[in-house]
Each structure stands twice: as structure tokens, then as C-alpha cells.
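**Student:** Per my numbering, the very first residue in the sequence shown carries number 1; after that it's consecutive. Glycine included, every Cβ here is placed at the ideal spot set by N, Cα and C. Everything numeric in this text was worked out from a predicted model, so none of it was measured.
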Amino acid sequence: ISGITLHLSAKKLRYTIDEDNAASNEERATALIFLRHHIDDDLKYEYLIVENPLELWQNLNDRFEHLKTVVLPKALNDWSQLRFQDFKTVSEYNSTLFKIVSQLKMYGEVITEICCWRKHIEHFMHPICYCNNSICCTGSRNIVN
Numbered sequence: 001i002s003g004i005t006l007h008l009s010a011k012k013l014r015y016t017i018d019e020d021n022a023a024s025n026e027e028r029a030t031a032l033i034f035l036r037h038h039i040d041d042d043l044k045y046e047y048l049i050v051e052n053p054l055e056l057w058q059n060l061n062d063r064f065e066h067l068k069t070v071v072l073p074k075a076l077n078d079w080s081q082l083r084f085q086d087f088k089t090v091s092e093y094n095s096t097l098f099k100i101v102s103q104l105k106m107y108g109e110v111i112t113e114i115c116c117w118r119k120h121i122e123h124f125m126h127p128i129c130y131c132n133n134s135i136c137c138t139g140s141r142n143i144v145n
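This is the structure we're talking about:
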């Protein structure tokens with residue numbers, strides 16, 4: 001949604017999807033063409049009779065607003081279950097991590113760089129501590145209790 005509003009802002013048409021706007025017919029038509037161009041083909045046919053960009057925008061928001069209740073809990077679960085050892089490469093792990101972070105941020109969760117670093121550290125430090133506690137030379141003592 002923010003991508004669409006950003007594009008409409010760049011085209012100086014953002015206000016066409018605001019309540020009580022004073023957009024001309026030409027501006028409304030331009031915004032409507034832009035919105036229709038960026039939605040799925042099946043939705044284009046469903047909303048073909050809508051001739052006001054504000055009405056189309058509200059219809060799409062009403063239709064997809066529930067995604068937050070579906071995607072956010074899944075993203076939170078994915079975040080809590082994310083483990084480095086489940087991936088073959090660092091690149092795959094990072095890609096998944098940033099995808100989850102993007103989903104969380106999109107739905108209003110605050111994920112800082114510190115959170116991401118903690119996520120990395122917990123996966124790399126835990127095995128080191130575990131190995132230190134379970135494999136000790138005879139006569140040595142554990143560093144971590």
C-alpha cells in the first residue's frame with residue numbers, strides 16, 4: 001500500500017485517494033488508470049465498474065485489510081522459530097531473516113538492527129557455549145555454568 005501511495009505522490013496524485021478531494025476528472029482518471037494497472041488481472045475485472053480512485057482504494061483496503069491478522073502472527077512465529085542451522089547457506093538465512101523483518105515492519109512491528117544482531121548472535125554463541133560445557137579436557141573446568 002505504501003508503494004502505491006508513494007507512486008501517486010510522485011505523480012502529484014496522492015490526494016485523489018483522500019476523502020473530500022477536489023481532484024479534476026482528468027486527475028481522477030489518471031489515478032484510476034494507475035491503480036488498475038498495478039492490481040491483479042482478476043481484480044481489474046472485478047472492479048472495472050468503479051470509476052473513482054477513492055472508491056477503488058477503499059474497496060481494495062477493505063478487501064485486504066484482514067491480511068494483517070493472517071500474516072503478522074505467521075511472521076512473528078517465523079521470527080521466533082528462525083534458526084541458522086535450518087539453512088544451507090548464510091545467504092539463504094539472511095534472505096529469510098530480512099523477508100520476515102520486512103513483513104513485521106510492514107504491519108507495524110518494531111524490529112531494530114539490535115534485534116537482528118541478537119538473532120544472529122544467539123545462533124552463533126549458543127553452540128560455542130554448548131560445546132564448551134559438554135566437551136572438556138580431563139581436569140579442566142567449564143567456563144559457562
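1. Ignore the nearest five residues each way along the sequence and tell me which others in Q103's own chain have a CB closer than 7 Å to its CB.
2. Is the beta carbon of A31 sitting closer than 7 Å to the one on L13?
3. What distance in whole Å lies between the Cβ atoms of T16 and L54, which are believed to be in contact at a cut-off of 8 Å?
4. Let's see if you can read the secondary structure: which residues bound the alpha helix (DSSP H) around L153?
5. Can you tell me which of the three DSSP states H38 falls into?
6. According to the Cβ coordinates, are I100 and D78 closer than 7 Å?
**Tutor:** According to the structure shown:
1. Translated into positions along the sequence shown, residue 103 becomes position 103. Correct list, in chain order: V71, A75.
2. The residue given as residue 31 occupies position 31 in the sequence shown. The residue given as residue 13 occupies position 13 in the sequence shown. Yes, the pair counts as a contact, with Cβ atoms nearer than the cut-off.
3. Sequence index remark: in the sequence shown, residue 54 carries index 54 (1-based). Sequence index remark: in the sequence shown, residue 16 carries index 16 (1-based). Confirmed, about 7 Å.
4. Because the chain here runs from 1 to 145, residue 153 falls outside it and cannot be looked at.
5. As a first step, residue 38 is located in the sequence shown; it is residue number 38 there, counting from the start. Coil.
6. As a working note, residue 100 is residue 100 in the sequence shown. As a working note, residue 78 is residue 78 in the sequence shown. Yes, the Cβ-Cβ distance between I100 and D78 is below 7 Å.
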